[in-house]
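Chemist: Numbering-wise (my numbering), the sequence shown opens with residue 1 and increments by one. Using N, Cα and C, we set each Cβ at its ideal position, and we do this for glycine too. All figures in this text were calculated on a predicted structure; none of them were measured in a lab. Let me begin by handing over the structure; questions about it come next.
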Amino acid sequence: MIGQSWQRVKRFGVDPEQSTDSALLQTDELEHRRTSSALAEVMPILSGGLGSVADASLQIMVVTDPEGRVLWREGNAGVLRRADTICLEEGAAWSEDSTGTNAIGTALSAGAPVQVHSAEHFVRTLHDWTCAAAPVHDPRDGRLLGIIDVSGPDNTFHPATLALVDSVSRLAESELRTRHLTAIERLRAVAAPVLCRLGGRALVVDTNGWLAAVTGMPPVDRVPLPDSLGAGRVWLPSLGTCVAEPMPGGWLLRITDADTSECASRVVLDLSESRRPCATVLGAAGSWTQDLTPRHAELLYVLAVHRQGRSAAQLAVDLFGDPTRTVTVRAELSRLRRRLTGLLDHRPYRYREEVEIEVLLPDDPLNLLPHSTAPAVLGARAGVPSPSGA
């Protein structure tokens, strides 16, 4: 495996005398990758399984995304400082084409656990380091989520480190699988009464296409879904013509004839009760309601005002009066998009075009999200016209 890696990095043009420095990700991009990574859900397991062991053994734990960009690191304080000298820090690139043969990059290329010790590193700067890394895959669709790695000075080498890293990566995958099954059970509980009211063929799947419930047809394990799936008519190779309706954490797919009228979802954003904002999603098969946090209520209100969409910087101004607060905005919208599956787009952030929006406002404008200090909400209380469709 090391020999094959050396052949690859020579083809990449990596110089064994080069530095391992790389341009770091900007802070907002790093935070965006962290919040959108499924590995964030299992960081407590990784920290408990590897972080404390790495600290005690004078090493550090590093977690990267599928591109080899470092998202998190922790461990021995002295080794963390030493790692800074080789650019093994948050936001740095550690793929093979950037830093030559190393455990992170080689595990990415080989798709398997690997240990790289001392002079097995292609770049000479790393010859006094040892590292062991293993990939973590998403059990829902098999895609690579990233790499977990333990690195330290070469005198901390131990042959069992690779087995430990591999075991913790499998433990993380097991935790993700358990969380997925729990989410499927929640979706099934919501889907059961909906399917009871329907005639014909229909099924409910999660956002990755895994089956939660079915009626009028034989069950399937999984339905391949397009990345751009939205509410309304869609043709799926495995099912034919369907009407898709969003559900909390998944989709209702009603198999229908080609001449059946299309059904678009409708969202009622209820801000009339000052202490309990909520969003109700309505479709032909029924409706479901999500209670909203104050921040999510602000975001959905602003997006209802601006149906054409808003960038992260514009939303940061709307919510905080500060265009640099994009990290917080992106993190909140990432959570909100997971809760309201298929209803929100990004780049720019907006409601999908096929979704009809209705906003219920309080009789007194001063009662609009009364605890909010968002500039957009303060302006609405002061008399800025209500959003279209309200």
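Where do the ends of the beta strand (DSSP E) carrying residue 130 lie?
Modeler: Mapped onto the sequence shown, residue 130 falls at position 130. First-last of the beta strand (DSSP E) with residue 130: 129-137.
Chemist: Using a Cβ-based criterion (distance less than 6 Å to any ligand heavy atom), does residue 200 qualify as near the ligand FMN?
Modeler: Ligands are entirely absent from the displayed structure, and the ligand FMN is therefore not among its contents.
Chemist: I'd like to know whether the C-beta atoms of residue 93 and residue 73 end up nearer to each other than 7 Å.
Modeler: Taking the first residue of the sequence shown as position 1, residue 93 is located at position 93. Taking the first residue of the sequence shown as position 1, residue 73 is located at position 73. Their beta carbons are not under 7 Å apart, which means residue 93 does not touch residue 73 by this criterion.
Chemist: Secondary structure at residue 328, three-state DSSP: helix, strand or coil?
Modeler: By 1-based counting over the sequence shown, the position of residue 328 is 328. DSSP places residue 328 in helix when its eight states are reduced to three.
Chemist: Can you find at least 3 beta carbon pairs, one from the segment 119-131 and one from the segment 178-194, that sit closer than 8 Å?
Modeler: No, they do not touch.
Chemist: Run through the segment 276-322 for me and flag every whole alpha helix (DSSP H) of 4 or more residues, listed as ranges in chain order.
Modeler: With a minimum length of 4 residues, the continuous alpha helix (DSSP H) runs that stay inside the segment 276-322 are 294-305, 312-320.
Chemist: Jot down the residue ranges of each uninterrupted beta strand (DSSP E) in the segment 76-152, minimum 3 residues, whole runs only, in chain order.
Modeler: Listed in chain order, they are 114-117, 129-137.
Chemist: Could you check what DSSP says for residue 273 in three-state terms: helix, strand or coil?
Modeler: Here residue 273 is taken as the residue at index 273 of the sequence shown, counted from 1. Note: residue 273 maps to coil in three-state DSSP.
Chemist: So the beta strand (DSSP E) residue 356 belongs to, where does it begin and stop?
Modeler: Sequence index remark: in the sequence shown, residue 356 carries index 356 (1-based). Here the beta strand (DSSP E) through residue 356 covers 356-360.
Chemist: Whose CA, out of 246, 280, 34, 275, lies closest to the CA of residue 228?
Modeler: Along the sequence shown, read from residue 1 onward, the residue named residue 228 stands at position 228. Checked all of 246, 280, 34, 275; the closest Cα to residue 228 is 246.
Chemist: Are the CB atoms of residue 38 and residue 145 nearer to each other than 7 Å?
Modeler: By one-based count along the sequence shown, residue 38 stands at place 38. By one-based count along the sequence shown, residue 145 stands at place 145. Going by C-beta atoms, residue 38 is nearer than 7 Å to residue 145.
Chemist: Based on Cα-Cα distance, which residue from 96, 218, 208 lies nearest to residue 202?
Modeler: Here residue 202 corresponds to residue number 202 of the sequence shown, with the count starting at 1. Checked all of 96, 218, 208; the closest Cα to residue 202 is 218.
Chemist: Can you give me the C-alpha to C-alpha distance between residue 338 and residue 220, rounded to a whole angstrom?
Modeler: Here residue 338 is taken as the residue at index 338 of the sequence shown, counted from 1. Here residue 220 is taken as the residue at index 220 of the sequence shown, counted from 1. Each residue's alpha carbon lies about 24 Å from the other.
Chemist: Contact between the segment 142-162 and the segment 55-65 is defined here as three or more beta-carbon pairs at a separation below 8 Å; is this criterion met?
Modeler: Taking 8 Å as the limit for Cβ pairs, the verdict is that the segment 55-65 does touch the segment 142-162.
Chemist: Would you call the segment 271-288 and the segment 318-327 in contact, with 3 or more CB pairs under 8 Å?
Modeler: Too few Cβ pairs lie closer than 8 Å, so no.
Chemist: Within the chosen definition, does the segment 7-20 reach the segment 28-48 through at least 3 CB pairs nearer than 8 Å?
Modeler: As far as the Cβ criterion goes, the segment 7-20 does not touch the segment 28-48, which means the pair count is below three.
Chemist: Which residues bound the alpha helix (DSSP H) around residue 377?
Modeler: Locating residue 377 in the sequence shown gives position 377, where the first residue counts as 1. Counting along the chain, the alpha helix (DSSP H) containing residue 377 begins and ends at 375-381.
Chemist: Would you kindly check if the distance between the Cβ of residue 66 and the Cβ of residue 107 is under 7 Å?
Modeler: In the sequence shown, the residue the question calls residue 107 occupies position 107. In the sequence shown, the residue the question calls residue 66 occupies position 66. The answer is no: Cβ separation not under 7 Å.
Chemist: Sorted by chain position, which residues of the same chain lie with C-beta nearer than 7 Å to residue 208's C-beta, five sequence neighbours on each side aside?
Modeler: Indexing the sequence shown from 1 puts residue 208 at position 208. Result list for residue 208: 140, 141, in chain order.
Chemist: Roughly how many whole angstroms lie between the Cα atoms of residue 170 and residue 127?
Modeler: Position 170 of the sequence shown, counted from the start, is the residue given in the question as residue 170. Position 127 of the sequence shown, counted from the start, is the residue given in the question as residue 127. Looking at the two C-alpha atoms, the distance is approximately 29 Å.
Chemist: Beta carbon of residue 340, beta carbon of residue 355: below 7 Å?
Modeler: Translated into positions along the sequence shown, residue 340 becomes position 340. Translated into positions along the sequence shown, residue 355 becomes position 355. No, they are not a contact pair.
Chemist: How big is the Cα-Cα spacing for residue 256 and residue 213?
Modeler: Counting from one through the sequence shown, the residue named residue 256 turns up at place 256. Counting from one through the sequence shown, the residue named residue 213 turns up at place 213. Approximately 17 Å between the Cα atoms of the pair.
Chemist: Does the segment 159-177 come close enough to the segment 24-36 to have 3 or more Cβ pairs within less than 8 Å?
Modeler: Touching, no.
Chemist: Evaluate contact between the segment 237-245 and the segment 352-369, counting only Cβ atoms and requiring at least three cross-stretch pairs below 8 Å.
Modeler: No: the two stretches stay apart, fewer than three of their Cβ pairs being nearer than 8 Å.
Chemist: Is residue 156 closer than 7 Å to residue 393 when the C-beta atoms are compared?
Modeler: Missing from the structure shown is residue 393; the chain here goes from 1 to 390 and no further.
Chemist: Apply the 10 Å Cβ neighbour rule to residue 224 and answer buried if 16 or more other Cβ atoms are within range, or exposed otherwise.
Modeler: Here residue 224 is taken as the residue at index 224 of the sequence shown, counted from 1. By the neighbour-count rule (16 or more Cβ atoms within 10 Å), residue 224 is not buried but exposed.
Chemist: Among residues of its own chain, excluding the 5 on either side of residue 184, which ones have a beta-carbon nearer than 7 Å to its beta-carbon?
Modeler: Taking the first residue of the sequence shown as position 1, residue 184 is located at position 184. 206, 210, 212, listed in sequence order.
Chemist: Could you pull the start and end residues of the beta strand (DSSP E) that residue 246 belongs to?
Modeler: Here residue 246 refers to the residue found at position 246 of the sequence shown. Residues 240-247.
Chemist: Going by the DSSP bridge assignment, what does residue 210 pair with across the sheet?
Modeler: In the sequence shown, residue 210 corresponds to position 210, counting from 1. According to DSSP, residue 210 bridges with 222.
Chemist: For residue 299 and residue 267, I'd like the C-alpha separation in whole angstroms.
Modeler: What you label residue 299 is simply residue 299 of the sequence shown in a count that begins at 1. What you label residue 267 is simply residue 267 of the sequence shown in a count that begins at 1. If you take the alpha carbons of residue 299 and residue 267, they lie about 14 Å apart.
Chemist: So, residue 292 versus residue 277, is the Cβ gap smaller than 7 Å?
Modeler: Within the sequence shown, numbered from 1, the residue matching residue 292 stands at position 292. Within the sequence shown, numbered from 1, the residue matching residue 277 stands at position 277. Going by C-beta atoms, residue 292 is nearer than 7 Å to residue 277.
Chemist: What span of residues does the beta strand (DSSP E) with residue 233 cover, start to end?
Modeler: If you number the sequence shown from 1, residue 233 lands on position 233. That run of the beta strand (DSSP E) goes 232-236.
Chemist: Go ahead and pull the three-state DSSP assignment for residue 8.
Modeler: In the sequence shown, counting from the first residue as 1, residue 8 sits at position 8. Correct three-state label for residue 8: helix.
Chemist: For residue 14, which three-state DSSP category applies?
Modeler: Within the sequence shown, residue 14 is the residue found at index 14, counting from 1. Coil, per DSSP.
Chemist: For residue 198, does the three-state DSSP call read helix, strand or coil?
Modeler: Residue mapping note: residue 198 aligns to position 198 of the sequence shown, counting from 1. Residue state, collapsed to three classes: coil.
Chemist: Could you check which residue in 357, 6, 372, 109 has the C-alpha nearest to that of residue 307?
Modeler: Counting from 1 along the sequence shown, the entry for residue 307 is found at position 307. When only C-alpha atoms are compared, the closest one is 357.
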